[in-house]
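K.L.:
Going left to right, the sequence shown walks through residues 9 to 188 as my numbering numbers them. Heads up, the beta-carbon is just placed ideally off N, CA and C, and yes, glycines get one too. My questions will all concern the structure given below.
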Amino acid sequence: MEIRRDDLRGTAIIELLQEHLRCMERVSPPESRHALDLDELRGPEIAFYTIWNGADLAGCGALKELSPDHGEIKSMRTAYAFQRRGVAARMLRHLIGEAEQRGYRRLSLETGAMEYFEPARQLYASFGFAYCEPFGFYREDANSVFMARVKPGGNAKGVWSPSRDPRPHPAGPDRGNEGR
């Protein structure tokens, strides 16, 4: 599989992102939907990537710069035909690597609190993301979970470690398939 920087103009990626938005409409109430549309994903602060298996689009993900030392993972999605084949893990590994190259000290994400999002939360936790408080423009929301990886002090390169929030999250650690 090959990961590429994408300009969001191809038919396959447009269809996958439209599917992603429709799915978020089905599983999340309007006030809790944070999935970005095509125009937002084309913003200058966002680097968008696709993962391909030959000529077939397998998934996507984006890295949004919130500040010079803080990035956010957005629009993680695996095409149905490629689910449970390691696509999301490959994309997440790539996004973490990109964040490290940019010198981000913190990499955050928002995903759903519903059961549908449990596989996504497990994936993020397996890569060292820990529950945290809302960040950026987000506010506490019973339908959202916030997670982050924080780089320990020192140089811009190095090993990341999970952020530590001593308070249990209101919905507990078990707050799916995709990030938003």
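If you drop the 5 nearest sequence neighbours on each side, which residues of the same chain put their C-beta closer than 6 angstroms to that of Leu103?
P.N.:
So the list reads Gly69, Leu71 and Ile81, once near-sequence residues are dropped.
K.L.:
Which runs of the alpha helix (DSSP H), 4 residues or longer, sit entirely within the region 40-126?
P.N.:
Whole alpha helix (DSSP H) segments, 4+ residues: 46-49 and 95-110.
K.L.:
Count the other CB atoms within 10 Å of the CB of Ile22; is the residue buried (16 or more) or exposed (fewer)?
P.N.:
It counts as exposed.
K.L.:
Is the beta carbon of Asp149 less than 7 angstroms from the beta carbon of Tyr112?
P.N.:
For Asp149 and Tyr112, no; Cβs fall outside 7 angstroms.
K.L.:
Less than 6 angstroms between C-beta atoms, sequence neighbours within five positions excluded: which residues of the same chain meet that for Ile54?
P.N.:
The answer, listed in chain order, is Ala70 and Lys72.
K.L.:
Where does Ser152 sit, in a helix, a strand or coil, going by DSSP?
P.N.:
In the structure shown, Ser152 sits in a strand (DSSP, three-state: E or B).
K.L.:
From Phe56 to Leu24, what distance separates their C-alpha atoms?
P.N.:
Each residue's Cα considered, the two are about 13 angstroms apart.
K.L.:
For Gly62, count the other beta carbons within 10 Å of its own beta carbon; 16 or more makes it buried, fewer makes it exposed. Which is it?
P.N.:
The residue is exposed, with fewer than 16 neighbouring Cβ atoms inside 10 Å.
K.L.:
Evaluate Arg85 with the Cβ neighbour count: other Cβ atoms within 10 Å of its Cβ, from every protein chain shown; 16 or more gives buried, anything less gives exposed.
P.N.:
Arg85 comes out buried.
K.L.:
I need the DSSP call for Tyr139, collapsed to helix, strand or coil.
P.N.:
Looking at Tyr139 - three-state DSSP - the assignment turns out to be strand.
K.L.:
Comparing C-alpha positions only, which one of Met155, Ser152, Phe154 and Phe145 sits nearest to Ser75?
P.N.:
Here the closest residue by C-alpha is Phe145.
K.L.:
Rank Met155, Asn151 and Ala156 by C-alpha distance to the C-alpha of Glu39 and give the top, closest one.
P.N.:
For Glu39, the nearest C-alpha among the options comes from Asn151.
K.L.:
Does the beta-carbon distance from Arg101 to Ala156 come in below 7 angstroms?
P.N.:
Not in contact: Arg101 and Ala156 (Cβ atoms no closer than 7 angstroms).
K.L.:
Comparing C-alpha positions only, which one of Asp14, His42 and Ile59 sits nearest to Val153?
P.N.:
Of the candidates Asp14, His42 and Ile59, the one whose C-alpha sits nearest the C-alpha of Val153 is His42.
K.L.:
Are there 16 or more other CB atoms within 10 angstroms of the CB of Thr58, so buried, or fewer, so exposed?
P.N.:
Classification for Thr58: buried.
K.L.:
Please state if the CB of Ala87 and the CB of Gly67 are separated by a distance shorter than 7 angstroms.
P.N.:
Yes. Within cutoff.
K.L.:
Using only alpha-carbon positions, find the residue among Arg110, Gly51, Phe135 and Pro37 that is nearest to Met99.
P.N.:
It is Phe135 whose Cα lies nearest to the Cα of Met99.
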